Amino acid sequence: MSSIKIENLYTAYDKADVLMDVSLAVEPGRITCLLGSNGAGKSTLIRSILGLTPPRAGRITVDGKDITGAPTHKVIGDGIACIPEGRRMFPKMTVSENLRLGAYQVRDEALIRERMERVFETFPRLAERRDQLAGTMSGGEQAMVSIGRGLMAGPRILLIDEPSLGLSPLYVKENFRIIESIRETGITVFLVEQNVRQTLAISDYGYVLSGGHLVAQGSAEDLRNDKEVYAAYFG
Amino acid sequence: MKDDVMKTPIPVSLPPLATGLIAVAACAIFGWLFLLAESEVAVLGLVLLAVLAGWGAQKTGLSATLGTAMHQHSGAMNGAIVASLLAVIALLGTEHFPLLMLSTMLLYLVAALGLNVQFGLTGMVNFAGAAFFGIGAYTSAVLTTHTAVPPLLILLAGGLIAALIGALLIVPVVRTAGHYSAVVTIAFGVLFKTFLEVNEVLGGPQGLMVGSMNVFGWDFNNGPVLMGHEMSFYVNYALLSSGLAILAFALTRRLERSWLGLALDSVRLDETASACFGINVVRAKVLAFTYGNILAGIAGALYGMMISFIAPNSFTFSDSLLMVSIVLLGGLGSLWGSALAAVIVVLVPEKLQILQEYRFLLFSVLVIAMLLFRPQGLLPRGVRSYFPGGRAQR
Amino acid sequence: MTRTASRRTVLAAALTAALSISLTTPALAKETVKLGFIGPLTGGVSNMGLGGRNSAELAVDLRNKDENAKYAYELVPLDDECKPNVGVQVATKLATNRDVAGAVTHYCSAVAMGTVDIYHKFNLPIIVWGAVLPDITYGNEYAEVHRVNGTMINQNEVAADFMVAQGYKSWAIIHDTTDYGKGHNTYFTKFLTEKGGKILGTFGVTSDQQDFTAELTKIKELNPDVVYFAGLTPLAVRIRQQMDKLGIEAEFQGVSGMKSDAYFAGLSGDLAEGTVTFLEGAPAAKLPGGAYFMSEYDKAGFGENYEAYGPFAFAAMNLLIDAVEKVGPDRKAVTKYLADVKDHESITGPISFDDHGQNTVALITKYVAQDGKWVVWEDSEYASGKRQLKHK
Amino acid sequence: MDIGLLGQYLANGVMLGTMYALVAVGFTLFFGVLDVIKFSHGDVLMIGAFTGFTTYLGIVAIGIENPWVALVAVLVVSIATTAALGALIARYLVLPLKSAPPLNILLITLMLGTALREGVRLFYPDGSNPKAFPALLPTASLELGSFSLRADSVILVSAGIAVIIGLNLLINRTRLGLAIRAVAQDEETAKIMGINYTMIVLVTFAIGSGAAAFAGIMNGLYYNEVNFGMGLLLGLIGFSAAIIGGLGNIYGAILGGFLFAGLQTVGAVALPFASAYKDVFAFGVVIALMAWKPTGLIAERSSDRV
């Protein structure tokens, strides 16, 4: 069981701070969500954790180990995986190659094969299309590949960035169901979303980010019922 | 050769205009000294001084003040720059060689301004700058020797022919982008030089004589007599090159700040989006490509007359690269940057003559260092500003 | 300190930005006279330029060591990159420097063609040390322009004569498309046709070309007795090498531009053996001054070979210094002195200038490659009949 | 023209095409992973050839005569040195300029090419003159009428094609190749997959430069001559070949290389005008091809790299 702890994080692009004094904790074995509108700094937070945009100040620890500003491949090596915003397929690679890349740091070929089979069990559609180029698939199918790819690494912590973006309601629902099931396998989930209702429905704890500041937090249930927060941020 | 190459710390309390004028004067004096510098000690000292001054100007905020001066008092500043250019020419007066270098620099600047519209504004690469320059020079060689076309018209003809031959490339250049169009122009550059060498009609590898510039019976190859003193005949060329450079500069600035410039900028940034806004991308590209080639052709035509002898060897791929380096070193799209870089690219290898065979090694190392330390160019282009009527300010 | 050493110092100084370098020679009572040298010090033909520069430098250094010399001489070496526009620049620089009394200039003909006007305009007496195009001296009436080496006319006339006399009938010509290669092609074709030789094909190649198999395959089909190449050593090496690759058995004949030791250094095995080439001037080694030049050049420890035209640069510089010694560092006087040069002894044979400043005693020496050296034809085992040139 | 000669032209063209393709593949690799054109590629090739030549001199100096031993030593030392040089270039000149305008990388590598060339010319003993590269391969030849085929040419072409196939397998069949392709298609997502981006870029540059060294040695063994300027035109042609084939595509590079060789051969022998026009012809066709297929013969689709 693993956790992420973020303390007093500041992150900037060029000279403008995007995240200001953000502190939060992702508790082990649970789904923690981060809500906020477009431009609130949600993706920047993910990028900071992953080391894609190293923070200017503050501290990020995973199970007590400081990973602040570590290069991305080291962070991934610490048992974190990410399902990036917009799915980000490798368009000129087949579905299997995309999945294979999800387990890039895994050296055990048998283990990789085993995990791939599990992904194909979860998403039978992908099994049929394993040799199709990812770039030629529909948005929903790509979302499956993306989630499957995230699971291939066998992560302890999974960061999921806006899984519902640009998907039809049917797929969104399906995705949330799968995310919920991921928790059941013991993986800690940090879910970043704009879709408040459905996110809070599956989360255990939530944070609200606005303009780079953390403005509210609480158990999912509390947030669901907090009229003020609702009115102010999710109007 | 202005703005940034500043020296002497000036109390920040001076108003921007005064600072700016002093800076221009200091640059003029510096330029004059540098053109005259002969010994390795003097050259090295001046280079160090310029580097220190540039660094100091950044540190003390002087360059910002200069920016303000250019911004708020553009009329006065531009006037001062033109005046100091003329002053330098007058001061050099009888010094043939420095005047020749100054004129060369100015003509390279004209060509580089053209390339800047292609590269910096529109984002079209052109690695055949020297070829278009050469087309201009060959045009003036043919026209001065075989016809009686007035030389001033020949300059225009040089630009026109460069544009016409450039038109052959328009289809591939407009259709391709990035590295693909780089290869089109590189191929053209190599083809042009090889063609000239193989072909006998245009003098072959031997080259051609070029007649001199002549304006209304005033032969440029005779030194003008000023108050009883005979000046170098290169004064003529320096003056005409200055005029050409100022004209090209003003025109390019005007273009940059017009709606057209905005259109070119948007084509560079995103062709698809520009097309959505109703910008005719093809027309914008054709225009920028042609404009650049015309400037290169005109500059080449005058250069040919000044040098008076041209051969294919003078217009090789590596000469095109020199022009590209001017644009990139100065900063893409930055006109003053091109001016500063023209000084460096034309003058520094010449001043390195004291190093004889080692000079290109050192020059290339210098350029590498400059690119590493100032990747955006020496004087990066500021955020574009559009002013109706194209007047001033930055 | 030798010039080479001082150049290195300058480089080091520039790199470390140390300002305190002393280039001043120990105080001499003599007046210092500056003499120019221009040649290609960078780029593809820089080996020639550097060889010429070193030789000119040697002439100056040797004279400075001479107690009896009236003046102290200082060399002003400049790089023309083998480009006419750069040549015009540096020629202007040199010619407008009033301290320069005269100069030894240019290896590349196109550059020399572009600069002669400048020398005339500024009255700088110059002696061309390597460019071979006839028009440089014959295309104008400039008193300032002289040349110690012969033109490509002389060379090719001798070459055509000699080769026809060896019994060859048919030729294939490869020339590079520079002025040098094209010029040689023109004159050789002219003389050869006059003397009854047959040219089966002419191929122009660019001066940086690597692969000649296409041209050579065609030549193989034409099956000539001789492959004539007009161009410089690097290309000559490649062509000779690739002739062997394709199994072409023809004799290989070259021009002055490939009479360089680099020809042997560049060719493996005995491929070079039997190649013939021609060079203006007497063979340096055979003249008393020539042996002296060679040993002094070795002693000076230059990094580069003096190459085919180094001796001319040396001879030209010596002639120029002699002129200054005689009439003083005055350009007009030097020009006048040079106009009357007759039978002036030099390491390349006697120098006599005609009305156009062209050295008329354009002696042409024939060379053949024998055991990894260029041997004067008359001294070779080929001439004595011990070895045979290639006959199909 | 008889069949023998035709065969000869074909053999020449294949040889030339293989060399061009090897250079073009390097361009394509660099462009693939980093979207950059490394213009010093031709001069890196020259460095590879000179390193090989120097190694040979060293081998001879310590008294080893066996040509095969010498050949292996030459290849190993030169490829290793050049690969390291390629990685250094990527690390210190290319990666730092990633955020600058892409043309700057082109300029900085061009300048580096000049520096390398000038460096060899000035500091290698007698560097301004050509050097005789040893013939380490058997030179037995097969004569069929006017067609002569030498063993060394056959070995060289086979080795060159083997290297190209090997590179292709490396890219398409190995874990490293997977990572290279991932970086080429989407740098950031590749990082998220846990790929060490910098390492992959350096390795790719090392591979491409190693291939250039191989081409340089091949050039030396075939022409038996190396010189400081050999990389300039080869680089230019390799670049053009990579472009006409379609950048970022190994098959495109191969196609482009052979096409360019074909154009030159045709230009030199089969056209009615003087052979000196062959480069005018070849580059003219390149321009026409670009007008017809603006993204190369094997077009680069949306993000079709490597």
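Chains as they are written, first to last, in the UniProt record's numbering: chain X, 1 to 235; chain S, 1 to 394; chain V, 1 to 392; chain C, 1 to 306. Even for Gly, the Cβ is constructed at its ideal location relative to N, Cα and C. Bear in mind the structure is a predicted one, so any value in this text is a computation, not a measurement.
**OP:** Tell me, please, whether the CB atom of Tyr237 (chain S) is closer than 9 Å to any CB atom in chain C?
**Re:** Stepping through the second sequence from its first residue, residue 237 (chain S) is reached at position 237. Not closer than 9 Å to any Cβ of chain C, the Cβ of Tyr237 (chain S) fails to qualify, so no.
Original post:
Buried or exposed: which applies to Phe92 (chain C), given that a residue is buried once 16 or more other Cβ atoms fall within 10 Å of its Cβ?
Top reply: Numbered from its first residue, the fourth sequence carries residue 92 (chain C) at position 92. Residue 92 (chain C) is actually Tyr in this sequence, not Phe. The residue in question, Tyr92 (chain C), is exposed, as its Cβ has fewer than 16 Cβ neighbours within 10 Å.
**OP:** Output, in chain order, the set of chain C residues within a Cβ distance shorter than 8 Å of Leu332 (chain S).
**Re:** Walking along the second sequence from the start, residue 332 (chain S) turns up at place 332. Chain C residues near Leu332 (chain S): Pro101, Leu103.
Original post:
For Ala131 (chain V) versus Ala112 (chain V), is the C-beta distance shorter than 9 Å?
Top reply: Taking the third sequence and counting its residues from 1, one reaches residue 131 (chain V) at position 131. Taking the third sequence and counting its residues from 1, one reaches residue 112 (chain V) at position 112. Yes, the Cβ-Cβ distance between Ala131 (chain V) and Ala112 (chain V) is below 9 Å.
**OP:** Output yes if chain S places a C-beta closer than 9 Å to the C-beta of Gly231 (chain C); else output no.
**Re:** Here residue 231 (chain C) refers to the residue found at position 231 of the fourth sequence. No - not a single Cβ of chain S is within 9 Å of the one on Gly231 (chain C).
Subject >> Backbone secondary structure at Lys386 (chain V) - three-state DSSP >> reply: Position 386 of the third sequence, counted from the first residue, corresponds to residue 386 (chain V). If DSSP states are grouped into helix, strand and coil, Lys386 (chain V) belongs with coil.
**OP:** Classify Ser219 (chain X) as buried or exposed, calling it buried when 16 or more other Cβ atoms lie within 10 Å of its own Cβ.
**Re:** Translated into positions along the first sequence, residue 219 (chain X) becomes position 219. Answer is exposed; the Cβ neighbour count stays below 16.
**OP:** Could you please tell me which residues of the segment 119-153 of chain X, in chain order, have their CB closer than 8 Å to any CB of chain C?
**Re:** Answer in chain order: Gly135, Arg149, Ala153.
**OP:** Would you check if there are 3 or more beta carbon pairs closer than 8 Å linking the segment 225-234 of chain C to the segment 56-76 of chain C?
**Re:** no
Original post:
Which value, in whole angstroms, describes the spacing of the CA atoms of Leu107 (chain S) and Ile135 (chain S)?
Top reply: Counting from 1 along the second sequence, the entry for residue 107 (chain S) is found at position 107. Counting from 1 along the second sequence, the entry for residue 135 (chain S) is found at position 135. The straight-line gap from Cα to Cα measures roughly 14 Å.
**OP:** Closer than 9 Å, Cβ to Cβ, to anything on chain C: give me those residues from the segment 190-209 of chain X, in chain order.
**Re:** none
**OP:** Could you work out which residue in V:Ile347, V:Thr360, V:Lys169, V:Ala369 is closest to Ala339 (chain V) when comparing CA atoms only?
**Re:** Working through the third sequence from its first residue, we reach residue 339 (chain V) at position 339. Minimum Cα distance to Ala339 (chain V) is reached at V:Thr360.
Subject >> Distance between Lys366 (chain V) and Tyr73 (chain V) (C-alpha atoms, nearest Å) >> reply: As a first step, residue 73 (chain V) is located in the third sequence; it is residue number 73 there, counting from the start. As a first step, residue 366 (chain V) is located in the third sequence; it is residue number 366 there, counting from the start. Going from the Cα of Tyr73 (chain V) to the Cα of Lys366 (chain V) covers about 35 Å.
**OP:** Confirm the yes/no value for this check: CB of Glu357 (chain S), any heavy atom of the ligand NAP, distance under 8 Å.
**Re:** The model depicted lacks the ligand NAP and carries no ligand whatsoever.
**OP:** Assign Thr272 (chain S) to buried or exposed, taking buried as 16 or more other Cβ atoms, counted over all protein chains shown, within 10 Å of its Cβ.
**Re:** Locating residue 272 (chain S) in the second sequence gives position 272, counting from the first residue. Exposed, because fewer than 16 other Cβ atoms sit within 10 Å of the Cβ of Thr272 (chain S).
**OP:** Going by CA-CA distance only, name the one from V:Thr105, V:Leu124, V:Val88 that's closest to Gly114 (chain V).
**Re:** Counting from 1 along the third sequence, the entry for residue 114 (chain V) is found at position 114. The residue with the shortest Cα to Cα distance from Gly114 (chain V) is V:Val88.
Subject >> Whole-angstrom distance between Ser266 (chain S) and Val174 (chain S), CA atom to CA atom >> reply: Along the second sequence, one-based indexing puts residue 174 (chain S) at 174. Along the second sequence, one-based indexing puts residue 266 (chain S) at 266. If you take the alpha carbons of Val174 (chain S) and Ser266 (chain S), they lie about 15 Å apart.
Original post:
Shortest alpha-carbon distance to Phe277 (chain S) belongs to which of S:Leu262, S:Tyr291, S:Thr290?
Top reply: Residue 277 (chain S) sits at position 277 when you count from the first residue of the second sequence. Of the listed residues, the one whose Cα sits closest to Phe277 (chain S) is S:Leu262.
**OP:** Would you decide whether Lys83 (chain V) is buried or exposed? Buried here means 16 or more other CB atoms lie within 10 Å of its CB.
**Re:** On the third sequence, residue 83 (chain V) is found 83 positions in, with the first residue counted as 1. Under this definition Lys83 (chain V) is a buried residue.
**OP:** Could you work out which residues of chain C lie near Val205 (chain V), taking near to mean beta carbons separated by less than 7 Å?
**Re:** Position 205 of the third sequence, counted from the first residue, corresponds to residue 205 (chain V). Those are Ala276, listed as they occur along chain C.
Original post:
At a Cβ cut of 7 Å, what residues of the segment 193-204 of chain C count as close to chain X, listed as they run along the chain?
Top reply: Met193, Gly194, Ile195, Asn196
Original post:
Which term fits Tyr142 (chain V), buried or exposed, when burial requires 16 or more other beta carbons within 10 angstroms of its beta carbon?
Top reply: In the third sequence, residue 142 (chain V) corresponds to position 142, counting from 1. Result: buried.
Original post:
Along the segment 34-57 of chain C, what residues have a CB closer than 7 Å to any CB found in chain V?
Top reply: none
Original post:
Can you tell me whether Trp55 (chain S) is buried or exposed, with buried defined as 16 or more other CB within 10 angstroms of its CB?
Top reply: Along the second sequence, read from residue 1 onward, the residue named residue 55 (chain S) stands at position 55. The residue is exposed, with fewer than 16 neighbouring Cβ atoms inside 10 Å.
Subject >> Between the CA atoms of Asn222 (chain S) and Phe233 (chain S) - distance to the nearest angstrom >> reply: Counting from 1 along the second sequence, the entry for residue 233 (chain S) is found at position 233. Counting from 1 along the second sequence, the entry for residue 222 (chain S) is found at position 222. Distance between the alpha carbons of Phe233 (chain S) and Asn222 (chain S): 5 Å.
Subject >> Cutoff 6 Å; reference Leu71 (chain C); Cβ partners in own chain excluding five residues on either side >> reply: For the purposes of this step, residue 71 (chain C) is taken as residue 71 along the fourth sequence, with counting starting at 1. These residues qualify, in order along the chain: Leu136.
Original post:
Where does the unbroken alpha helix (DSSP H) through Gln358 (chain V) begin, and where does it stop?
Top reply: Here residue 358 (chain V) refers to the residue found at position 358 when the third sequence is read from its first residue. Per DSSP, Gln358 (chain V) lies in no alpha helix (DSSP H) and is assigned neither H nor E.
**OP:** Alpha carbon to alpha carbon, how far is Gly247 (chain V) from Gly202 (chain V)? Give it in angstroms, no decimals.
**Re:** Within the third sequence, the letter at position 202 stands for residue 202 (chain V). Within the third sequence, the letter at position 247 stands for residue 247 (chain V). Checking the sequence shown, residue 202 (chain V) turns out to be Thr, not Gly. C-alpha separation (whole angstroms): 19 Å.
Original post:
In terms of residues, what are the limits of the alpha helix (DSSP H) holding Asn38 (chain X)?
Top reply: The count along the first sequence starts at 1 and reaches residue 38 (chain X) at position 38. Neither: Asn38 (chain X) is in no alpha helix (DSSP H) and is coded neither H nor E.
Subject >> Residues near Ser308 (chain S) by beta carbon distance below 6 Å, same chain, minus five either side >> reply: Taking the second sequence and counting its residues from 1, one reaches residue 308 (chain S) at position 308. For Ser308 (chain S), where only same-chain residues beyond five positions count, the Cβ hits under 6 Å are Val210.
**OP:** Output, in sequence order along the chain, the residues in the segment 106-136 of chain C whose CB is closer than 7 Å to any CB in chain S.
**Re:** Leu107, Ile108, Leu110, Met111, Leu112, Thr114, Ala115, Glu118, Gly119, Leu122
**OP:** State buried or exposed for Asn305 (chain V), treating a residue as buried only when at least 16 other CB atoms are found within 10 Å of its CB.
**Re:** Translated into positions along the third sequence, residue 305 (chain V) becomes position 305. By the neighbour-count rule (16 or more Cβ atoms within 10 Å), Asn305 (chain V) is buried.
**OP:** Within the segment 107-143 of chain X, note down every full beta strand (DSSP E) run reaching 3 residues or more, in order along the chain.
**Re:** Taking only runs of at least 3 residues, no beta strand (DSSP E) segment lies wholly in the segment 107-143 of chain X.
Subject >> Buried/exposed call for Phe373 (chain S), threshold 16 Cβ in 10 Å >> reply: Against the second sequence, residue 373 (chain S) aligns to sequence position 373. Here Phe373 (chain S) is exposed: its Cβ has fewer than 16 other Cβ atoms, across all protein chains shown, within 10 Å.
Original post:
Is Ile3 (chain C) helix, strand or coil when you go by DSSP?
Top reply: By 1-based counting over the fourth sequence, the position of residue 3 (chain C) is 3. Correct three-state label for Ile3 (chain C): helix.
Subject >> CB contact below 9 Å: Ala211 (chain C) versus chain V >> reply: For this step, residue 211 (chain C) is matched to residue 211 along the fourth sequence. Cβ-Cβ to chain V under 9 Å: no for Ala211 (chain C).
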